[in-house]
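Enquirer: Mind looking over this structure? Questions follow.
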Amino acid sequence: MGDIESENQNIENKIKELARNLLREKEVDVIIGYKKGTVPLSSSPVFITREEDVDKLLWNNLCYVNLANYLAPRIPTLYDEEGQKLKVGIVAKGCVGRALIHLAVENQINLENIKMIGISCNGIINRKRIEKEIGEKEILETSILGNNIIVKGRDFEKTFPFDEYMNELCKVCKVKSPPNVVDSCVGECLENPVIEDDFNDISDFESKTSEEKWAYIKDTLSACTRCYACREVCPMCYCNLCFVDQNKPIWFGKTTDFTDIFAFHFNRAMHLAGRCVACGACSSVCPMGIDLNIITRKLEKIVKERYNFTSGMDKETLPPMMSFSMDDNQEFMLEED
Amino acid sequence: MEVMILMKDQVAKLYDELSGEYNFFAPVKEKGYVAYRKISNPKEIELNYFNSKIPPKEILFPQMEVLFEFKTDGKNVIEIEDRKDLDEKNILFGIRPCDAHSFDLLEKFFAFGDFQDEIFLKKRENSLIIGIGCNSPKSTCFCTSVEGHPFQKDDMDIFLVDLGDKYLVEGISDKGNNLIQQLSWLSKASKADTIKAKELAKKAEDLITTKLDLTNTSQILESNFGNEIWKEVSENCLGCGSCTFLCPTCTCFDVIDENDQYENRGRRIRIWDTCQFCLYTLHTSGHNPRDNNIERCRNRILHKFSYYPLNYDLIGCVGCGRCIQVCPVNNDLRTIINKINNIKPKEEENVSV
Amino acid sequence: MSNPYIPMLTTVKNIVSENKVNDIKTLELEFKKEEDYNKFNYIPGQFAEISLIGKGECPIGIASSPTEEGSIQFTIKKMGTVTSEFQNCNIGDVVGVRGPFGNGWPIEEMKGKDIVVIGGGFAFSTLRSLVIYLLNEKHRKDYKKITVIYGNRDSGEVLYRNVLEEWKKYDDIEVVLTIDREEEEWKEKVGFVAPIVKEVGPSSNNAVAVVCGPPIMIKTTIAVLEDLNFNDEQILNSLEMRMKCGIGKCGRCNIGNKFVCIDGPVFSLAELKKLPNEY
Numbered sequence: 001m002g003d004i005e006s007e008n009q010n011i012e013n014k015i016k017e018l019a020r021n022l023l024r025e026k027e028v029d030v031i032i033g034y035k036k037g038t039v040p041l042s043s044s045p046v047f048i049t050r051e052e053d054v055d056k057l058l059w060n061n062l063c064y065v066n067l068a069n070y071l072a073p074r075i076p077t078l079y080d081e082e083g084q085k086l087k088v089g090i091v092a093k094g095c096v097g098r099a100l101i102h103l104a105v106e107n108q109i110n111l112e113n114i115k116m117i118g119i120s121c122n123g124i125i126n127r128k129r130i131e132k133e134i135g136e137k138e139i140l141e142t143s144i145l146g147n148n149i150i151v152k153g154r155d156f157e158k159t160f161p162f163d164e165y166m167n168e169l170c171k172v173c174k175v176k177s178p179p180n181v182v183d184s185c186v187g188e189c190l191e192n193p194v195i196e197d198d199f200n201d202i203s204d205f206e207s208k209t210s211e212e213k214w215a216y217i218k219d220t221l222s223a224c225t226r227c228y229a230c231r232e233v234c235p236m237c238y239c240n241l242c243f244v245d246q247n248k249p250i251w252f253g254k255t256t257d258f259t260d261i262f263a264f265h266f267n268r269a270m271h272l273a274g275r276c277v278a279c280g281a282c283s284s285v286c287p288m289g290i291d292l293n294i295i296t297r298k299l300e301k302i303v304k305e306r307y308n309f310t311s312g313m314d315k316e317t318l319p320p321m322m323s324f325s326m327d328d329n330q331e332f333m334l335e336e337d
Numbered sequence: 338m339e340v341m342i343l344m345k346d347q348v349a350k351l352y353d354e355l356s357g358e359y360n361f362f363a364p365v366k367e368k369g370y371v372a373y374r375k376i377s378n379p380k381e382i383e384l385n386y387f388n389s390k391i392p393p394k395e396i397l398f399p400q401m402e403v404l405f406e407f408k409t410d411g412k413n414v415i416e417i418e419d420r421k422d423l424d425e426k427n428i429l430f431g432i433r434p435c436d437a438h439s440f441d442l443l444e445k446f447f448a449f450g451d452f453q454d455e456i457f458l459k460k461r462e463n464s465l466i467i468g469i470g471c472n473s474p475k476s477t478c479f480c481t482s483v484e485g486h487p488f489q490k491d492d493m494d495i496f497l498v499d500l501g502d503k504y505l506v507e508g509i510s511d512k513g514n515n516l517i518q519q520l521s522w523l524s525k526a527s528k529a530d531t532i533k534a535k536e537l538a539k540k541a542e543d544l545i546t547t548k549l550d551l552t553n554t555s556q557i558l559e560s561n562f563g564n565e566i567w568k569e570v571s572e573n574c575l576g577c578g579s580c581t582f583l584c585p586t587c588t589c590f591d592v593i594d595e596n597d598q599y600e601n602r603g604r605r606i607r608i609w610d611t612c613q614f615c616l617y618t619l620h621t622s623g624h625n626p627r628d629n630n631i632e633r634c635r636n637r638i639l640h641k642f643s644y645y646p647l648n649y650d651l652i653g654c655v656g657c658g659r660c661i662q663v664c665p666v667n668n669d670l671r672t673i674i675n676k677i678n679n680i681k682p683k684e685e686e687n688v689s690v
Numbered sequence: 691m692s693n694p695y696i697p698m699l700t701t702v703k704n705i706v707s708e709n710k711v712n713d714i715k716t717l718e719l720e721f722k723k724e725e726d727y728n729k730f731n732y733i734p735g736q737f738a739e740i741s742l743i744g745k746g747e748c749p750i751g752i753a754s755s756p757t758e759e760g761s762i763q764f765t766i767k768k769m770g771t772v773t774s775e776f777q778n779c780n781i782g783d784v785v786g787v788r789g790p791f792g793n794g795w796p797i798e799e800m801k802g803k804d805i806v807v808i809g810g811g812f813a814f815s816t817l818r819s820l821v822i823y824l825l826n827e828k829h830r831k832d833y834k835k836i837t838v839i840y841g842n843r844d845s846g847e848v849l850y851r852n853v854l855e856e857w858k859k860y861d862d863i864e865v866v867l868t869i870d871r872e873e874e875e876w877k878e879k880v881g882f883v884a885p886i887v888k889e890v891g892p893s894s895n896n897a898v899a900v901v902c903g904p905p906i907m908i909k910t911t912i913a914v915l916e917d918l919n920f921n922d923e924q925i926l927n928s929l930e931m932r933m934k935c936g937i938g939k940c941g942r943c944n945i946g947n948k949f950v951c952i953d954g955p956v957f958s959l960a961e962l963k964k965l966p967n968e969y
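Chains as they are written, first to last, in my numbering: chain A, 1 to 337; chain B, 338 to 690; chain C, 691 to 969.
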């Protein structure tokens, strides 16, 4: 395990260099990346159109927003005056790349207009866990020193080992750089990746009894305020009319009754089966600190076991929930002998 | 009225004495953050905190609230039942000055005009705020920029100052003074106590690092509706509801009818809604007056810093800093206000966005 | 102080299908309690939040005039969930009513003036209320010449046919009906509203023009009125907005710092020009 601090410096330099080149050669009209956050433990997605602004770009293990999200919904920033889509360069850690490829498979974006500035992501800090452990003391500054996260406040300083305090998803991540598909990736890319994922991160939860699992789910989800930050930050949630917002008919309620909260999160998770790229943005942005990834990881595991499919790895394979083949596993249907 | 002392280990006694008459809401620790909840055991009270995650507006204006209930005969309504709990008395304990001020803003808003929101106003009338000064404001706090102060007490009924092992207790309103008289076992504060409280107030004010100059912001906003700055400011906004749901002064809501056909009854409820959602202003015809992110982001800022001053002569922000801390893409209100303040004055632009 | 969200209960007394395709119905409602009826004092141009309790609530302009005593009327077109439910109402059903809300047409300021009423399509309901009010013998002398110009896509869409026929019998009101395209049985005018307004050429001298209809009709008609020298104060509009509470609390109907449910829905063109373009 190398020195996180120096890795970050290298990654950041590479991002800036590649971004500068892409803008200079007019291969892209806009670069989407991350800039420094104005509060500790944060970063802020930024849209750069001028070479002189490239120095704003950074990489610091707090880049938790999945930037692919900005390409799927309609945003005026990404269209020129004639309504033509702009050519976009996007700072891509592995899960961002996976999201872009999966969106292309679902015909939401055209990879020809996109250049992924590939980086080898070294993990995202679990900001909710750190905030919880610091408790009611204000964090004023965070930094990476060697392999540790240093958290400073007005009258305290605490050190967290990076390996321990990164997102649980990042600990088991097998796709640290974007898969290279249709030559859309510059920088660090994965060529012909093969994924072996044993889903160790959820074995603890899986071993609980049904009652324990239900108690856990009920306890975590009841804090939900229906702000939909999880839905808005997710690159795969791009429906013009989300199922919870439909009123002809009303499928599920929008209240904070637990039945409604449960219905929203579990149905959303089902809609993500075979599509979630495990970027962890939903958990990172939830204002109430709910860890939503437990549910989606379990669904990912089922999809992998049933259909041997991992989303966002190549442009050809159709996602199992959107296609049907005659030799699909159908043991869940009540069939003859 | 004399200033008294409440020892920290007497808070349980305070609870025991008041909980019979009042619903006692206090800060409790919950899942890694602090929330205001109705407590049944004084041990639940958390005295070491900055502020709650969700503002205490949720005590009197909850996320989900029944407007009325009804019974049907299977087809038509036969009876409507009004709320019966609005006369219950509430104590809101441990409210910070910014949130206490938000109750003043909420009250003015819900009482404004020809129609008053009785549901909120009745609850407010029956509530007593025991607020507490902020000894250590956060770096994202800016109450002093919006006519507030970490030790502001005008919007409270009783004001507490944390002196370490005890609280200084000061009655502010008649309601508050009457309650203090009821609590005859409170000891009197010494001169040293009041001096220490004053020192803490000054210290707290010095700790506020975020200063925004809002003197001209309202006017600048009025004449820059079509300025291109809104595109820049809303670029990375996701359109979720985090900033508005966690804002002490946001009050927008949606109204939903719920019908239990099997039991022949139902209710009409309201739930929090936000101008940041794309469906908020969508007409049934399909027309949407604010159909893109730029317009929605602009509406929130204008609402707080332009429409509130125009309509109610108040700034619609209390400087609590929650929106700054919670925004998923770190769209910082302070940066936005500074950008607006720096707009170069020019001819009014009527560029439609 | 009472709970402003609790509706008054009314029963459906009569249902009239207003158009050929049967998706616009006028409901006549009677208050269950007399004190509610006595409290419901409205002027033309106001609206109420009506609901099938359990299904939903929507803001509808009051189509009846306060001079039509005993009941109130609403004309509802099938558009979304709640308005579709209203199409299936039967006589005797219970409808919740909250109101009256909004500022209404400025009937006081309109006194002593010529009134030009221009409507397009199904937006005519509050104009029906206004004209019946103006024609009522108690008020007629307060107003001068009344001109009504009402356009529709086709003859099947013309609302309030018997009421329009009644108006034609008066000699102090000019009623001009028009449809977009020629039809065999149609004896009135043919053409879009704006050119017909130009043809009728109402005088702008001491006059007020009241315009209600789809956005394109409003835009073209205003252009014609401006050519006829109507100034911005003389042209009145009734706006539509998505509403939930109707009393300025839920927040969603704002245009700038004004709420359409309390500062409107009637705005003069002068007021609209001062507001940002978000409606």
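For glycine and all other residues, C-beta sits at the position ideal for the given N, C-alpha and C.
1. Apart from the five residues just before and just after Val655/B, which ones in its own chain have a Cβ nearer than 8 Å to its Cβ?
2. Taking 7 Å as the cut-off, decide whether the C-beta atoms of Met116/A and Pro161/A are in contact.
3. Using the three-state DSSP reduction, which class does Met322/A fall into: helix, strand or coil?
4. What is the rounded straight-line gap between the Cα of Val371/B and the Cα of Asp451/B?
5. On the three-state DSSP scale, how would you describe Ile797/C?
6. If you measure beta-carbon to beta-carbon, which residues of the stretch 646-661 of chain B are closer than 7 Å to chain A?
7. Less than 7 Å separating the beta-carbons of Ile469/B and Leu497/B?
8. What number of angstroms, rounded off, separates the C-alpha of Asn826/C from the C-alpha of Asp832/C?
9. For Asp3/A, I'd like the list of residues in its chain whose CB is within less than 6 Å of its CB, leaving aside the five on either flank, ordered along the chain.
10. Would you call the CB atoms of Asp713/C and Lys768/C closer than 7 Å?
11. Between which two residues does the alpha helix (DSSP H) carrying Asn515/B extend?
12. What residues from chain C crowd round Lys254/A, counting only those whose CB sits closer than 8 Å?
13. Checking contacts by CB at 7 Å: is Asn413/B closer than that to chain C?
14. Taking the DSSP output, what are the residues bridged to Gln763/C?
15. From the DSSP output, in three-state form, read off Ile117/A for me.
16. Where Leu699/C and Gln246/A are concerned, what is the direct C-alpha to C-alpha distance, given to the nearest angstrom?
17. When you compare each of Trp522/B, Thr672/B and Asn596/B to Thr547/B by their alpha carbons, which one comes out closest?
18. Quick check: the Cα distance between Asp327/A and Pro320/A, rounded to an integer number of angstroms?
19. Quick one, which of Phe252/A, Val233/A, Thr256/A and Phe205/A has its alpha-carbon nearest Leu221/A's?
20. Flag Asp783/C as yes if its beta-carbon sits less than 7 Å from any beta-carbon of chain B, otherwise no.
21. For Ile750/C, which residues of its own chain have a beta-carbon under 7 Å away from its beta-carbon, when the five flanking residues on both sides are left out?
22. For Val285/A, count the other beta carbons within 10 Å of its own beta carbon; 16 or more makes it buried, fewer makes it exposed. Which is it?
23. Can you find at least 3 beta carbon pairs, one from the stretch 850-860 of chain C and one from the stretch 785-797 of chain C, that sit closer than 8 Å?
24. Quick one: which residues of the stretch 385-397 of chain B get their C-beta closer than 8 Å to a C-beta of chain A? List them in chain order.
25. Can you find a CB in chain A that lies within less than 7 Å of the CB of Gln400/B?
26. Does any residue of chain C have a CB that is nearer than 7 Å to the CB of Lys248/A?
27. Under the three-state reduction of DSSP, which class applies to Met933/C: helix, strand or coil?
28. Under 8 Å, with one C-beta from each stretch per pair, do the stretch 15-23 of chain A and the stretch 111-131 of chain A reach the 3-pair mark?
29. Give me the Cα-Cα distance between Val91/A and Ile31/A, rounded to the nearest whole angstrom.
30. Does DSSP put Met270/A in a helix, a strand or coil?
31. Here's a check: name, in chain order, each residue in its chain whose Cβ is nearer than 6 Å to the Cβ of Met1/A, leaving out the five neighbours to either side.
32. With contact counted as at least three CB pairs below 8 Å, one residue from each stretch, are the stretch 274-285 of chain A and the stretch 141-157 of chain A in contact?
33. Which whole runs of the alpha helix (DSSP H) in the stretch 806-838 of chain C are 4 residues long or more, in chain order?
34. Could you give the distance in angstroms between the alpha-carbon of Pro626/B and the alpha-carbon of Asp201/A?
35. Considering only the alpha carbon of each residue, which of Trp567/B, Lys475/B, His640/B and Phe488/B lies closest to Ala534/B?
36. Grab me the residues of Ile912/C's own chain with a C-beta within less than 8 Å of its C-beta, minus the 5 sequence neighbours each way, in chain order.
Expert: This is what the structure holds:
1. Cys435, Asp436, His438, Ser439, Leu442, Cys480, Val483, Gly485, Pro585 and Thr586
2. no
3. Helix.
4. 37 Å
5. coil
6. Ile661
7. With a cutoff of 7 Å on beta-carbon distance, Ile469/B and Leu497/B are scored as near each other.
8. Distance between the alpha carbons of Asn826/C and Asp832/C is about 10 Å.
9. Gly146
10. yes
11. Asp511 to Gln519
12. Within chain C, no residue has its beta carbon less than 8 Å from that of Lys254/A; the closest one is some 13 Å off.
13. Yes, its Cβ sits closer than 7 Å to a Cβ of chain C.
14. Glu718/C
15. strand
16. 29 Å
17. Thr672/B
18. 12 Å
19. Thr256/A
20. yes
21. Phe737, Ala738, Ile740, Phe764 and Ile766
22. Buried, by the Cβ-count rule.
23. no
24. Asn385, Tyr386, Phe387, Lys390 and Ile391
25. The beta carbon of Gln400/B falls within 7 Å of a beta carbon belonging to chain A, placing the residue at that interface.
26. yes
27. coil
28. yes
29. 8 Å
30. helix
31. Any reading at Met1/A is ruled out, since the residue's pLDDT is 48, under 50, leaving its predicted position unreliable.
32. The stretch 274-285 of chain A, when compared against the stretch 141-157 of chain A, does not touch it at the 8 Å Cβ threshold.
33. 815-825
34. 46 Å
35. Proximity to Ala534/B across Trp567/B, Lys475/B, His640/B and Phe488/B peaks at Phe488/B, based on C-alpha coordinates.
36. Val901, Ile925 and Leu959
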